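*Asks:*
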């Protein structure tokens, strides 16, 4: 038995096989077609964007430390504040959250989890990374020219009249949109056509289902954003009279077009996070995922329902009351598949043997925070309460609970979960857990007070406020500082692992999906031959070997026929 | 498609991936079979076309909305579009779809000579289309039929000189010169291209480079087709059709005066419809009573201003003198007494230029990929197992064609 076990363990890759070292030099990265390297480059890119967006967020919070404004002073203080929150939003949405999980983790994981050699279109994949870079350059140039103060939504008519660099920023978003479309297109085709024998739709890990649903949204929604931004640029340069009321255009049309993309985009942000959590909860509870098909279908259901609810961003824009009621009702339907997921995760953890590893800490935080974020969404989907809460800090807190408490936490959990696979090093578990705790506390410290602020009537996007709100605002600011420290801590833990982390085994967590079947880090070709596909959540044959301190597969090796023994195939066949 | 042939056709060593043995050169390393590669590409292009349709759908939505809001503007303004030129372009694109589909077939049957001819014909049609389009565009630009920001059409003087544009409409001299001479500007890049290709042809002939000569020859025809299209457009535009509002040039102005008048009537209709739409709000007295009640409160400055504006407008409508300092404008453009029909017409042209312009950009992109395809076809890159790129570009081309088939009736025909 023991010989069979060692032969099942892929061991460690040689330098020639390791995708990180099999070719060297800066050009081997710039022109790489390897999805794993592209994923890693994306990871560096989105983390940089996150750092910039995060610093801007801290600047916002520090400014709000004092009712009259603390951070920015002088006559231009309010103007600077407008630019800072706009860039914070735009950078976080377009440069970080949308590409974070699908482009960075997705690129690395989709082909490996699927058992494929690469994505279907490797060149397109690389070009979408460079499109992301170009888009980022446009955003940065907007930052360094005359700034941007429209809010990340670029609402007309203000965006057609302000003299800040709306064109640069919208061109950036337009280019980023194409990057997103091409990534989504690539994943759909990869999942449809690159599955190895035996990888049926219902043997796919749930992360792939979530990525598939995300990709559908990326492909179907992003073009509408593209044309909207293009028309906005045309409006600014040529005054085509479509959105600008001065030329007989209709600014509410812009809102409809914009949210037709941007509401589904919310699900581009959260769906891949659901996928990660499904993996994390199951692997670290060492228990088969509960309700596999329900989770898979609920991802698709969310993707489709997400296209029908954009109007709930516009309840106060003067739609007819019938329309608002319909949009409100449709909004509630989205909560059904979301709740299905949460219940299934809880049922998966129930009676599982939970290891409180760093990724699991993030996964459990996610369930807490996403549930709060989701339930407060119901307040905003209800017409009567939305009229009161619209454009207050309640909205800010709600979507930060979903975007940060949901997506960012899941992204961190995913990074910690697959870090050993990506770089081949283990990080320090103790410090990782402390960091996750700090992030959790800091996050709640930042945004829980904002629910109270909002329901008491503190409007969003204001640079100064009534002194009665000072205590809650200060609490929020201190929470943000703690959150920043926690994130920095987590980053240091990861960086320290590169320097002196233990070498990662092939399967550090005892996962059953295919990425754990190849070495850490994977060889550049992923799999020498199409891998044997089993149930991605069957942990019966994976056991902890306390002597070697790693998980081993106790499954007897399967015979591969007929590829391995071509001689045995009858000649007359 | 059988995979058996593929193994013998070519053997290529991929140093990047040691595990590849008998992949033919055209089969990417990460695909196992030609079928897998073909299916992936096909699914990819269909998804891409879906995104293209959604991309255009935004503009179709805008069209539908503004048409619903201002039907009279759309009716009046579509008279300015030359149906003949639109029809010719539709025919040209339909024919190019035929040659494109034929090219796919030729790639499958490995008839290389015919394949090159078919791709070159598709390209030539695309160029004719652009040639005709540049006539249409330059003609409208000269007349000032532009988006609302720069619209300056004047029936009394439909073809102003550059100096008139500067004096009467406040454009800068360079812009005015561009507007009156836009055809030259549109033709210039293609003329440069033509000269470049011709030089390339001569150079290929001199250096006796057969491959480059074979590439440059069809491309020269393609570039010439653009000017064919321009010529065709000129003839049709000046010949005048039943719907040609087109005050083609000064000489024909008198003959077309009738049409000009028709336009004027449409503009008047638009005017009437606007005032009519605004009227009920002004007439209903109960509204005024409610407004007066609201305006009694000092806090309700909005209602006060609204009421004052209404009173001022009623006064203006009945010919009374408006006291100075009272704003007659309620802040809603459509209630203004002097409805600016030019700006309304501008909305039509805004949508017209957005839709046809984005479509023309797609034609240009199509020309780009077709040239790439042409060179690969001359290189004999395609065979009965590997014709995917021709097929994919073909699908894209059909979509671009199809979008025009929707644009043509929506913009030119429906009145």
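Residue numbers (the UniProt record's numbering), protein chains in the order written: chain G, 1 to 573; chain H, 1 to 415. We put the beta carbon where it would ideally sit given N, CA and C, even for glycine. Computed from a predicted structure; not experimentally measured.
Which value, in whole angstroms, describes the spacing of the CA atoms of residue 269 of chain G and residue 517 of chain G?
*Replies:* Roughly 28 angstroms between the two C-alpha positions.
*Asks:* For a test of the three-state rule: what should DSSP assign to residue 42 of chain G, helix, strand or coil?
*Replies:* Of the three classes helix, strand and coil, the one that applies to residue 42 of chain G here is helix, per DSSP.
*Asks:* Going by beta carbon distance, what residues of the same chain come within less than 6 angstroms of residue 356 of chain G, once the five residues before and after it are set aside?
*Replies:* Hits under 6 angstroms: none found.
*Asks:* Pick out whichever of H/355, H/373 and H/88 has its Cα sitting closest to the Cα of residue 237 of chain H.
*Replies:* Among H/355, H/373 and H/88, the Cα nearest to that of residue 237 of chain H is on H/88.
*Asks:* Closer than 6 angstroms by C-beta to residue 63 of chain H: which residues in its own chain qualify, once you throw out the five before and the five after it? Chain order, please.
*Replies:* So the qualifying residues of the chain are 351.
*Asks:* I'd like to know if residue 189 of chain G contacts chain H, where contact means its C-beta is closer than 8 angstroms to some C-beta of that chain.
*Replies:* Taking Cβ atoms only, chain H reaches closer than 8 angstroms to residue 189 of chain G, which makes this a yes.
*Asks:* Closer than 7 angstroms by beta-carbon distance: list the chain G residues that pair up with residue 55 of chain H, in chain order.
*Replies:* Within chain G, the residues near residue 55 of chain H are 223, 226 and 227.
*Asks:* Would you report the Cα separation of residue 394 of chain G and residue 453 of chain G, rounded to the nearest angstrom?
*Replies:* For residue 394 of chain G and residue 453 of chain G, the distance between alpha carbons rounds to 7 angstroms.
*Asks:* Under 7 angstroms, CB to CB, which of the residues in the stretch 321-343 of chain G have a partner in chain H?
*Replies:* Against chain H - using a Cβ distance shorter than 7 angstroms - the stretch 321-343 of chain G contributes no residues.
*Asks:* Report all residues from its chain with a CB closer than 8 angstroms to the CB of residue 475 of chain G; omit the five preceding and five following residues, and keep chain order.
*Replies:* So the list reads 445 and 449, once near-sequence residues are dropped.
*Asks:* Can you check the stretch 222-290 of chain G for any alpha helix (DSSP H) of at least 4 residues that lies completely inside it and give the ranges in chain order?
*Replies:* Within the stretch 222-290 of chain G, the complete alpha helix (DSSP H) runs of at least 4 residues are 251-285.
*Asks:* Does the beta-carbon of residue 73 of chain G have 16 or more other beta-carbons within 10 angstroms, so that it is buried, or is it exposed?
*Replies:* When all chains shown are included, residue 73 of chain G counts as exposed.
*Asks:* Could you list which residues in chain H have their beta carbon closer than 7 angstroms to that of residue 181 of chain G, in chain order?
*Replies:* Those are 51, listed as they occur along chain H.
*Asks:* Residues of the stretch 8-21 of chain G with a CB closer than 9 angstroms to any CB of chain H: list them in chain order, please.
*Replies:* Within the stretch 8-21 of chain G, no residue qualifies.
*Asks:* Which stretch, first to last residue, makes up the beta strand (DSSP E) that contains residue 101 of chain G?
*Replies:* Where residue 101 of chain G is concerned, there is no enclosing beta strand (DSSP E), given that its DSSP letter is neither H nor E.
*Asks:* Could you pull out every residue in the same chain whose Cβ sits closer than 8 angstroms to the Cβ of residue 409 of chain H, ignoring the five residues on either side in sequence?
*Replies:* Contacts found: none.
*Asks:* Determine the closest residue to residue 576 of chain G out of H/147, H/152 and H/376, with distance taken between C-alpha atoms.
*Replies:* Because chain G here runs from 1 to 573, residue 576 of chain G falls outside it and cannot be looked at.
*Asks:* Going by alpha carbons, who is nearest to residue 371 of chain G out of G/341, G/506, G/95 and G/531?
*Replies:* Among G/341, G/506, G/95 and G/531, the Cα nearest to that of residue 371 of chain G is on G/341.
*Asks:* For a contact defined as C-beta to C-beta under 7 angstroms, what are the partners of residue 39 of chain H on chain G?
*Replies:* Those are 193, listed as they occur along chain G.
*Asks:* Around the C-beta of residue 85 of chain G, are 16 or more other C-beta atoms found within 10 angstroms, so that it is buried, or is it exposed?
*Replies:* When all chains shown are included, residue 85 of chain G counts as buried.
*Asks:* How many angstroms separate the CA atom of residue 366 of chain H from the CA atom of residue 397 of chain H?
*Replies:* Near 7 angstroms, if we compare the C-alpha coordinates of residue 397 of chain H and residue 366 of chain H.
*Asks:* For residue 365 of chain G, report the span of its alpha helix (DSSP H) as first-last.
*Replies:* Unbroken alpha helix (DSSP H) run through residue 365 of chain G: 358-381.
*Asks:* For residue 172 of chain H, count neighbouring C-beta atoms within 10 Å of its own C-beta (all shown protein chains included) and say buried if the count is 16 or more, exposed if not.
*Replies:* Flag for residue 172 of chain H reads exposed.
*Asks:* Please go through the stretch 443-516 of chain G and give each complete alpha helix (DSSP H) segment of 4 or more residues, from N-terminal end onward.
*Replies:* You should have 470-500.
*Asks:* Can the beta-carbon of residue 378 of chain H be found less than 8 angstroms from the beta-carbon of residue 214 of chain H?
*Replies:* It is a contact, given that the beta carbons lie within the stated cut-off.
*Asks:* Taking the straight line between their C-alpha atoms, what separation do you get for residue 407 of chain H and residue 359 of chain H?
*Replies:* Going from the Cα of residue 407 of chain H to the Cα of residue 359 of chain H covers about 9 angstroms.
*Asks:* Are residue 131 of chain H and residue 227 of chain H touching if we call contact CB-CB under 8 angstroms?
*Replies:* It is a contact, given that the beta carbons lie within the stated cut-off.
*Asks:* Taking 8 angstroms as the cut-off, does the stretch 211-219 of chain G touch the stretch 183-192 of chain G (at least 3 CB pairs, one atom from each stretch)?
*Replies:* In short, these stretches touch, since the Cβ pair count reaches three.
*Asks:* Around the C-beta of residue 528 of chain G, are 16 or more other C-beta atoms found within 10 angstroms, so that it is buried, or is it exposed?
*Replies:* That one is exposed.
*Asks:* DSSP three-state call for residue 401 of chain H: helix, strand or coil?
*Replies:* Note: residue 401 of chain H maps to helix in three-state DSSP.
*Asks:* Alpha carbon to alpha carbon, what distance is there between residue 102 of chain G and residue 388 of chain G?
*Replies:* In a straight line, the C-alpha of residue 388 of chain G is about 35 angstroms away from that of residue 102 of chain G.
*Asks:* Determine whether the beta carbon atoms of residue 292 of chain G and residue 537 of chain G lie at a separation below 8 angstroms.
*Replies:* Cβ atoms of residue 292 of chain G and residue 537 of chain G: closer than 8 angstroms.
*Asks:* In whole angstroms, what is the alpha-carbon distance linking residue 68 of chain H and residue 384 of chain G?
*Replies:* Each residue's Cα considered, the two are about 31 angstroms apart.
*Asks:* Using three-state DSSP, classify residue 92 of chain G as helix, strand or coil.
*Replies:* Helix.
*Asks:* Is it right to say residue 266 of chain H is buried, meaning 16 or more other beta carbons lie within 10 angstroms of its own, or is it exposed?
*Replies:* Per-residue confidence for residue 266 of chain H stands at a pLDDT of 44, beneath the threshold of 50, marking its modelled position as unreliable; the derived number appears in the next sentence. So residue 266 of chain H counts as buried.
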